[in-house]
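Numbering (the working numbering), first residue to last: 34 to 487.
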């Protein structure tokens, strides 16, 4: 079996790079995709339409969170099943992902269509932005099943080693979205509604490509939902395993809202500078995340196969590679902080503040890969509760209080330092969670009467 040979044998370095580089490519494509809508909508010259994209973005985040919840959990469950040579179990897991994707997409999209006014009030749309935001939201809501399915299964196919295909699926949807944006937004004069139409069409094409792959090339995954009902507990298992990877995104949206509420006290320029200042850190963070997310199927597979030695080797080498990459990218982003800022703003005062925020935000970035490694490792070996706790701690339990307290103590400057302080503390907590089981075993061996392993 190709997956078994690739995950179990050969150079770990080569396997890590083979699994991670395509995931990094997906992250880069995602960044380009997120910028495309704003760039093309911005060409309309209508600030209200640009604001509408930002105001409706929490709904797109909900779609992505649901896709990550299902796809991330399914990827871990399928990888563990394949590691145990249990193809039937893998089909049960993938069948559950089909059911969850379609049901979740219909429920979320239906709720947004039926209660659009409530969603719009929650997102903060009013006045000149209300109708534009509603136009964008309703189209996006109608396409929710396709968005959730493509997001979930682009994740799931990695479980059987189809990392190149995962990049292709994401890249196809993104390329279509970028190509169609100018056509619908300007060419057909649809404005912000056209941006949403392009997004939905891109995800439909991605979903179609995934369906074609599953029918023609996949050996371990299935589209038949009947397999899922062989074990009704599989639904909760998949969702439980997917929580750590999805809860962080949800909490990040909430804490960013808190940060914006504080920043607006100092004026719109500070809000803009904070948004721009986070771009460099996002590049480093997503690269580190990609390395750790890419090796997650290998960790789950070898743990499921009982191959502890190879699991440890994968974790050690991934951690080293993530730190080295994070350090190099941090240095590069620091050197290019002004050119990066100029991509988004031209005002000299905002540029200077953006560069200052970038400098502060990059402080903890070299080590941040260890945090993502901790989350993905704990998720892969079945400690979903610990992985979830780690995600909740970083994005919610620590960052929000740090933001509020450091702002109270140090003013505006303290607000900028809350993020790197949270990053550093989270790294050490992740290392503790990863090493704690080994420390317990070591302590147990030293107890009187304990049998020394051979």
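The beta-carbon is built from N, C-alpha and C at its ideal position, and this holds for glycine as well.
Inset, instruction - Answer yes or no: do residue 192 and residue 130 have a C-beta to C-beta separation smaller than 8 Å? - result: To locate residue 192, count along the chain shown from 1; it is residue 159. To locate residue 130, count along the chain shown from 1; it is residue 97. Contact: no.
Inset, instruction - Taking all protein chains shown into account, decide if residue 47 is buried (16 or more other Cβ within 10 angstroms of its Cβ) or exposed. - result: As a working mapping, residue 47 is identified with position 14 in the chain shown. Residue 47 comes out exposed.
Legend entry - Rounded separation between residue 362 and residue 383 - CA only: In the chain shown, residue 362 corresponds to position 329, counting from 1. In the chain shown, residue 383 corresponds to position 350, counting from 1. Looking at the two C-alpha atoms, the distance is approximately 23 Å.
Inset, instruction - For residue 328, name the three-state secondary structure that DSSP assigns. - result: Walking along the chain shown from the start, residue 328 turns up at place 295. Coil, per DSSP.
Legend entry - Minimum C-alpha distance to residue 467 - residue among 366, 436, 344 and 446: Taking the first residue of the chain shown as 1, we reach residue 467 at position 434. The option with the nearest alpha carbon to residue 467 is 344.
Legend entry - Stretch-stretch touch, CB-based, cutoff 8 Å, three pairs: the stretch 226-233 with the stretch 250-266: no
Inset, instruction - Determine the DSSP secondary structure at residue 60, reduced to helix, strand or coil. - result: Against the chain shown, residue 60 aligns to sequence position 27. It is helical.
Inset, instruction - Give the range of the alpha helix (DSSP H) segment to which residue 198 is assigned. - result: In the chain shown, residue 198 corresponds to position 165, counting from 1. Run containing residue 198: 196-215, per the alpha helix (DSSP H) assignment.
Legend entry - Rounded C-alpha distance that separates residue 56 from residue 327: Working through the chain shown from its first residue, we reach residue 56 at position 23. Working through the chain shown from its first residue, we reach residue 327 at position 294. Cα-Cα distance, rounded: 6 Å.
Legend entry - Presumed contact (8 Å Cβ cut-off) between residue 348 and residue 410, rounded CB distance: Residue mapping note: residue 348 aligns to position 315 of the chain shown, counting from 1. Residue mapping note: residue 410 aligns to position 377 of the chain shown, counting from 1. With a Cβ gap of about 6 Å, residue 348 and residue 410 count as contacting.
Inset, instruction - May I have the straight-line CA-CA distance separating residue 358 from residue 403, to the nearest angstrom? - result: To locate residue 358, count along the chain shown from 1; it is residue 325. To locate residue 403, count along the chain shown from 1; it is residue 370. Rounded to the nearest angstrom, the two C-alpha atoms are 11 Å apart.
Legend entry - contact_flag[the stretch 275-289, the stretch 147-156] where n(CB pairs < 8 Å) is 3 or more: no
Legend entry - Through-space distance from residue 41 to residue 34, alpha-carbon basis: By 1-based counting over the chain shown, the position of residue 34 is 1. By 1-based counting over the chain shown, the position of residue 41 is 8. For residue 34, the pLDDT reaches just 45, beneath the cut-off of 50, and the residue's location in the model is therefore unreliable, although a value from the coordinates is still provided. Going from the Cα of residue 34 to the Cα of residue 41 covers about 11 Å.
Inset, instruction - Measure the CB-CB distance between residue 91 and residue 138 and report whether it falls below 8 Å. - result: Within the chain shown, numbered from 1, the residue matching residue 91 stands at position 58. Within the chain shown, numbered from 1, the residue matching residue 138 stands at position 105. It is not a contact, given that the beta carbons lie outside the stated cut-off.
Inset, instruction - Could you work out which residue in 310, 332 and 125 is closest to residue 255 when comparing CA atoms only? - result: The sequence position of residue 255 within the chain shown is 222, counting from 1. Taking only the C-alpha atoms, the option nearest residue 255 is 125.
Legend entry - Endpoints, the alpha helix (DSSP H) within which residue 118 is located: Here residue 118 is taken as the residue at index 85 of the chain shown, counted from 1. It is not in any alpha helix (DSSP H) - residue 118 carries neither H nor E in the DSSP assignment.
Inset, instruction - Give the single residue among 156, 399, 352 and 182 whose Cα lies nearest to the Cα of residue 243. - result: One-based indexing of the chain shown puts residue 243 at position 210. Nearest of 156, 399, 352 and 182 to residue 243, Cα basis: 182.
Inset, instruction - Return helix, strand or coil for residue 279, following the three-state DSSP convention. - result: In the chain shown, counting from the first residue as 1, residue 279 sits at position 246. Residue 279: helix per DSSP, three-state reduction.
Legend entry - Alpha-carbon to alpha-carbon, residue 121 and residue 247: Taking the first residue of the chain shown as 1, we reach residue 247 at position 214. Taking the first residue of the chain shown as 1, we reach residue 121 at position 88. Near 16 Å, if we compare the C-alpha coordinates of residue 121 and residue 247.
Inset, instruction - Run the CB neighbour count on residue 288, radius 10 Å, all protein chains shown included, and call it buried at 16 or more, exposed below. - result: Translated into the one-based positions of the chain shown, residue 288 becomes position 255. Classification of residue 288: buried, given that the 10 Å Cβ count is 16 or more.
Legend entry - 4 or more residues per run - each alpha helix (DSSP H) lying fully within the stretch 335-382: 341-368 and 370-375
Inset, instruction - Decide if the stretch 98-117 is in contact with the stretch 168-175; the criterion is three or more beta carbon pairs, one per stretch, under 8 Å apart. - result: no
Inset, instruction - Apply the 10 Å Cβ neighbour rule to residue 455 and answer buried if 16 or more other Cβ atoms are within range, or exposed otherwise. - result: Here residue 455 refers to the residue found at position 422 of the chain shown. That one is buried.
Inset, instruction - Using beta-carbon positions only, say whether residue 292 and residue 395 come within less than 8 Å of one another. - result: Taking the chain shown and counting its residues from 1, one reaches residue 292 at position 259. Taking the chain shown and counting its residues from 1, one reaches residue 395 at position 362. The answer is no: Cβ separation not under 8 Å.
Legend entry - C-alpha distance - residue 216 paired with residue 58, whole-angstrom precision: Your numbering for residue 216 matches position 183 in the chain shown. Your numbering for residue 58 matches position 25 in the chain shown. So the two alpha carbons sit approximately 26 Å from each other.
Inset, instruction - Count the other C-beta atoms from every protein chain shown that fall within 10 angstroms of the C-beta of residue 418, then say buried if there are 16 or more, exposed otherwise. - result: Working through the chain shown from its first residue, we reach residue 418 at position 385. That one is exposed.
Inset, instruction - Could you pull out every residue in the same chain whose Cβ sits closer than 6 Å to the Cβ of residue 447, ignoring the five residues on either side in sequence? - result: Locating residue 447 in the chain shown gives position 414, counting from the first residue. If we look at residue 447 and ignore the five residues flanking it on each side, its Cβ neighbours are 439 and 440.
Inset, instruction - Pick out whichever of 95, 166 and 127 has its Cα sitting closest to the Cα of residue 144. - result: Residue 144 sits at position 111 when you count from the first residue of the chain shown. It is 95.
Inset, instruction - Determine the direct distance from the alpha carbon of residue 429 to that of residue 437, and round the result to whole angstroms. - result: Start at 1 with the first residue of the chain shown, and residue 437 comes out as number 404. Start at 1 with the first residue of the chain shown, and residue 429 comes out as number 396. The straight-line gap from Cα to Cα measures roughly 12 Å.
Inset, instruction - State the Cα-Cα distance for the pair residue 111 and residue 457, rounded to the nearest angstrom. - result: Looking up residue 111 in the chain shown gives position 78. Looking up residue 457 in the chain shown gives position 424. Going from the Cα of residue 111 to the Cα of residue 457 covers about 32 Å.
Legend entry - Three-state secondary structure (DSSP) of residue 491: The question about residue 491 has no answer here: the residues shown for the chain are numbered 34 through 487.
Inset, instruction - Decide if residue 391 is buried, meaning its Cβ has at least 16 other Cβ atoms within 10 Å, or exposed. - result: Numbered from its first residue, the chain shown carries residue 391 at position 358. Buried, because 16 or more other Cβ atoms sit within 10 Å of the Cβ of residue 391.
Legend entry - Element boundaries [alpha helix (DSSP H), containing residue 402]: Within the chain shown, residue 402 is the residue found at index 369, counting from 1. First-last of the alpha helix (DSSP H) with residue 402: 401-413.
Legend entry - Distance between residue 434 and residue 469 (C-alpha atoms, nearest Å): As a position in the chain shown, residue 469 is number 436, starting the count at 1. As a position in the chain shown, residue 434 is number 401, starting the count at 1. Near 26 Å, if we compare the C-alpha coordinates of residue 434 and residue 469.
Inset, instruction - Using the Cα positions of residue 45 and residue 338, report the straight-line distance between them to the nearest angstrom. - result: The sequence position of residue 45 within the chain shown is 12, counting from 1. The sequence position of residue 338 within the chain shown is 305, counting from 1. Approximately 16 Å between the Cα atoms of the pair.
Inset, instruction - Ignoring anything shorter than 4 residues or poking outside the stretch 97-150, list the alpha helix (DSSP H) runs there in chain order. - result: 120-147
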